[in-house]
Structure formats: C-alpha cells, structure tokens
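2 protein chains.
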Amino acid sequence: MNQTISDLTTRRSVRAYSDRMPSKADLETICQAGLYAATGMGTQSPIILAVTNKALRDRLSRLNAQVMNTDSDPFYGAPVVLTVLVDTDTAVTPVEDGSLMMGNMLNAAHALGLSSCWINRAREVFASDEGKAILKDLGIEGNYLGIGNCIVGYAQGPEPQARPRKENRIHWVE
Amino acid sequence: MNQTISDLTTRRSVRAYSDRMPSKADLETICQAGLYAATGMGTQSPIILAVTNKALRDRLSRLNAQVMNTDSDPFYGAPVVLTVLVDTDTAVTPVEDGSLMMGNMLNAAHALGLSSCWINRAREVFASDEGKAILKDLGIEGNYLGIGNCIVGYAQGPEPQARPRKENRIHWVE
Numbered sequence: 022m023n024q025t026i027s028d029l030t031t032r033r034s035v036r037a038y039s040d041r042m043p044s045k046a047d048l049e050t051i052c053q054a055g056l057y058a059a060t061g062m063g064t065q066s067p068i069i070l071a072v073t074n075k076a077l078r079d080r081l082s083r084l085n086a087q088v089m090n091t092d093s094d095p096f097y098g099a100p101v102v103l104t105v106l107v108d109t110d111t112a113v114t115p116v117e118d119g120s121l122m123m124g125n126m127l128n129a130a131h132a133l134g135l136s137s138c139w140i141n142r143a144r145e146v147f148a149s150d151e152g153k154a155i156l157k158d159l160g161i162e163g164n165y166l167g168i169g170n171c172i173v174g175y176a177q178g179p180e181p182q183a184r185p186r187k188e189n190r191i192h193w194v195e
Numbered sequence: 022m023n024q025t026i027s028d029l030t031t032r033r034s035v036r037a038y039s040d041r042m043p044s045k046a047d048l049e050t051i052c053q054a055g056l057y058a059a060t061g062m063g064t065q066s067p068i069i070l071a072v073t074n075k076a077l078r079d080r081l082s083r084l085n086a087q088v089m090n091t092d093s094d095p096f097y098g099a100p101v102v103l104t105v106l107v108d109t110d111t112a113v114t115p116v117e118d119g120s121l122m123m124g125n126m127l128n129a130a131h132a133l134g135l136s137s138c139w140i141n142r143a144r145e146v147f148a149s150d151e152g153k154a155i156l157k158d159l160g161i162e163g164n165y166l167g168i169g170n171c172i173v174g175y176a177q178g179p180e181p182q183a184r185p186r187k188e189n190r191i192h193w194v195e
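And the structure:
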C-alpha cells in the first residue's frame with residue numbers, strides 16, 4: 022500500500038506517554054510539515070510555539086488544566102507540546118488554517134514513529150492574561166488565536182486500535 | 022526521505038484542471054483517509070458528499086459562484102467535488118474536525134498523484150434553501166455545517182511551486 026495513505030489511515034490519538042524526548046530533528050520535521058499546510062488565500066498565518074522546555078511545558082499543562090478545573094496533566098505525560106496559534110489580523114480562515122497545520126503535524130509525527138494527540142483549550146489559555154504574557158515574553162506580538170496543542174512523544178504501551186468507522190459517512194452522487 | 026513527510030510538504034493547491042475523471046478506486050481511497058482523521062471526543066461527526074455527477078457538480082459550482090456574485094467556476098474545472106459537512110448536533114469541535122478530514126483528503130489526493138484544492142463557501146451553500154434541499158433529497162437529515170469543498174482532478178499543466186515559507190513561524194522554547 023502507498024505509505025502515505027497507510028499513514029493517514031493508521032494514525033491514532035495517544036493518551037499515555039513515556040518521558041522519553043523525541044529528537045530535535047524529528048520535531049523540526051514535524052514543524053516543517055506543519056508550515057507547508059495550505060492556508061486560505063496563502064496568508065501563512067499560523068505559527069508554532071514548539072515547547073520541549075520542561076518548565077514551560079508544565080506551565081502550559083497547568084494553565085490548560087485550570088480551564089477544565091482539574092489538576093491532572095492534560096498533556097498525558099508527553100514531553101513535547103507544539104501549540105498552533107493563528108494571527109487573526111492576517112488570516113482569512115484562522116481555525117481552518119490552524120487545523121490543517123495541526124493535521125499535518127499529527128500525521129508527520131506518526132510517519133516518524135512518534136505518537137501524538139490534539140489537545141484542546143489553546144484558545145482559552147492564550148486568551149488569558151498569563152497566556153498572553155508567555156507570548157509577549159517570547160517576542161510574539163499581535164493578536165493570536167490558540168487553535169490546538171499537538172502533544173508529541175513515545176507512547177507508553179501499544180497505541181490504541183481505531184474504533185470502527187461509523188456507517189453512512191460517504192454519500193456518493195455519480 | 023520518508024514518503025509521507027515528502028508528500029505532506031510537497032502538496033500544493035491547484036487551480037486549473039483537465040476534465041479527466043479520477044478513478045473511483047482513488048476517490049474511495051481519498052474518502053477513506055478522510056474518515057480516519059481525528060475528531061474531538063471521537064464523535065466521527067464529519068461526512069462527505071462525494072460528487073462526480075456532472076449535473077450536481079455544476080449545480081454546486083453555480084451555488085458557490087452565487088455566494089461570490091460571479092459566474093465563473095469556483096471549482097476550476099475539476100470534475101470531482103468532495104464536500105465535507107459536519108453534524109453540529111454531535112460534533113464538539115465541528116470546524117476543527119471537518120478541517121482535519123479535509124486535510125487528510127487533500128494529502129491523500131496528492132499521495133495518489135492527483136491534484137486538489139480547498140474551496141470555501143460550503144458553509145453558505147449548505148445554509149441556503151437550495152443547499153439544504155440537495156441534502157434532503159439525498160436522505161441526509163440533520164443540522165449540517167458545510168466546512169469545505171475538496172476539489173480533485175488532474176492538473177492542467179504543471180503544479181505550482183510552493184512560495185517560500187514566511188520566516189519566524191516556529192518559536193522554540195527548549
């Protein structure tokens with residue numbers, strides 16, 4: 022089977038990670054795949070906050086958990102968080118553009134033998150004062166909307182099997 | 022290079038098509054790749070209206086053009102339109118889910134040697150009375166939000182080169 026088709030259909034969302042850090046080369050490759058996702062009108066408005074620093078990873082985890090009023094780790098122990106944000110001053114279709122970037126990154130991680138999951142609440146975290154302060158401290162200026170957190174790492178245990186696809190999701194008119 | 026990574030980074034949006042029809046097998050593969058995209062809370066809420074029928078393809082083109090007040094073909098001559106819609110009664114993250122499905126389909130088309138482009142205005146078309154009637158006639162009941170139209174076909178002429186990626190889109194914190 023075509024390797025790409027196989028990878029697109031076998032990628033799964035993983036919710037348990039070891040603390041083993043992926044290589045910087047693999048993370049760079051994942052981010053590059055994200056940069057080449059299509060954007061509405063070609064604005065290239067999404068950016069990536071690529072976090073392997075444990076202090077910031079843990080801070081983002083805490084902020085994310087606060088949105089849910091929990092104190093568990095929403096990143097499931099994954100050591101890497103690649104947060105996609107979109108510059109809403111330039112994007113025509115911000116959520117769609119950021120989601121396509123997320124998709125490319127999730128698929129690229131799988132192609133490299135890494136596990137991943139889309140974790141929500143980037144929107145709320147980076148709309149908060151503390152989230153905005155994190156961006157400002159990094160020199161990221163502008164009006165950025167958080168789209169998603171692509172957590173990346175090595176699965177702890179086997180990856181889950183895909184649940185069966187629901188029926189009647191493709192409607193052909195030939 | 023890893024074939025999947027190569028495909029994720031070399032896929033381009035194509036805006037000129039011949040009228041050559043892709044094989045049903047390839048279109049099935051593209052749709053299957055879409056079905057396996059992740060969805061928030063695993064709801065599998067996105068569906069695909071897979072149109073190779075010329076009358077309906079042309080009708081969707083006309084409706085789409087009306088949204089823009091033009092009479093050109095927004096599908097650039099492509100013979101196939103795979104429209105992604107999301108059931109908003111079940112989806113937790115409808116635009117994100119539908120966009121991930123679109124991304125898998127765009128990438129799968131490229132992996133099979135086909136060209137593709139995300140065409141907007143599915144939202145407006147399927148919020149209109151005529152769009153709703155199309156769904157109803159096909160037995161698609163419920164509250165569906167149009168996310169995007171994945172046009173598919175064979176490029177007329179060479180695919181465009183990628184424009185250079187803008188700088189400073191990846192912010193590392195290591």
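From first to last, the protein sequence lines are chains A and B. The opening residue of the first sequence carries number 22 in the working numbering; numbering runs sequentially from there. The opening residue of the second sequence carries number 22 in the working numbering; numbering runs sequentially from there. From the three backbone atoms N, C-alpha and C, an ideal C-beta is built for every residue, glycine too.
In chain order, what are the residue ranges of uninterrupted alpha helix (DSSP H) at least 4 long that sit wholly in the region 54-108 of chain A?
75-89
According to DSSP, is A/A183 helix, strand or coil?
Residue 183 of chain A sits at position 162 when you count from the first residue of the first sequence. The answer is coil: DSSP assigns A/A183 none of H, G, I, E or B.
Can you look up A/N164 in the DSSP assignment and give me helix, strand or coil?
Numbered from its first residue, the first sequence carries residue 164 of chain A at position 143. The answer is coil: DSSP assigns A/N164 none of H, G, I, E or B.
Residues of chain B with a CB under 7 angstroms from the CB of A/Q53: which are they?
Reading the first sequence from its first residue, position 32 is the one you call residue 53 of chain A. Ordered by position in chain B, the residues that pass the 7 angstroms Cβ test against A/Q53 are T30.
Inspect the CB distances between the region 134-145 of chain B and the region 22-38 of chain B and report whether three or more fall short of 8 angstroms.
yes
For B/A129, which of helix, strand or coil comes out of DSSP?
As a first step, residue 129 of chain B is located in the second sequence; it is residue number 108 there, counting from the start. Of the three classes helix, strand and coil, the one that applies to B/A129 here is helix, per DSSP.
Taking a contact to mean a Cβ-Cβ separation below 8 angstroms, would you say B/P100 touches B/S66 in this structure?
For the purposes of this step, residue 100 of chain B is taken as the residue at position 79 of the second sequence. For the purposes of this step, residue 66 of chain B is taken as the residue at position 45 of the second sequence. Not closer than 8 angstroms, so no.
Is there a C-beta anywhere in chain A that falls below 8 angstroms from the one on B/V194?
For the purposes of this step, residue 194 of chain B is taken as residue 173 along the second sequence, with counting starting at 1. It does: the Cβ of B/V194 has a partner Cβ on chain A nearer than 8 angstroms.
Please report the distance separating the alpha-carbon of A/I51 from that of A/A130.
Along the first sequence, one-based indexing puts residue 51 of chain A at 30. Along the first sequence, one-based indexing puts residue 130 of chain A at 109. So the alpha carbons of these two residues sit roughly 6 angstroms apart.
Give me whichever residues DSSP pairs with B/S137 in a beta bridge.
Counted from its first residue, the second sequence places residue 137 of chain B at position 116. Paired residue(s): B/S34 and B/V173.
Below 6 angstroms CB to CB, which residues in the same chain sit around B/D47 once its five sequence neighbours on both sides are set aside?
Numbered from 1 along the second sequence, position 26 holds the residue referred to as residue 47 of chain B. L133, listed in sequence order.
Residues of chain B with CB closer than 8 angstroms to the CB of A/A71, please, in chain order.
Within the first sequence, numbered from 1, the residue matching residue 71 of chain A stands at position 50. Residues of chain B passing the Cβ test: I191, H192, W193 and V194.
Starting from A/V194 and walking both ways along the beta strand (DSSP E), at which residues does that stretch end?
Translated into the one-based positions of the first sequence, residue 194 of chain A becomes position 173. It spans I191 to V194 - the beta strand (DSSP E) in which A/V194 sits, taken as one unbroken run.
Determine the chain B residues that contact A/V4 at a beta-carbon separation under 8 angstroms, and present them in chain order.
A query on residue 4 of chain A cannot be resolved here, the shown segment of chain A reaching from 22 to 195 and no further.
Please tell me whether B/G119 and B/V105 are closer than 8 angstroms, where the distance is taken between their beta carbons.
By one-based count along the second sequence, residue 119 of chain B stands at place 98. By one-based count along the second sequence, residue 105 of chain B stands at place 84. Result yes, Cβ atoms of B/G119 and B/V105 sit closer than 8 angstroms.
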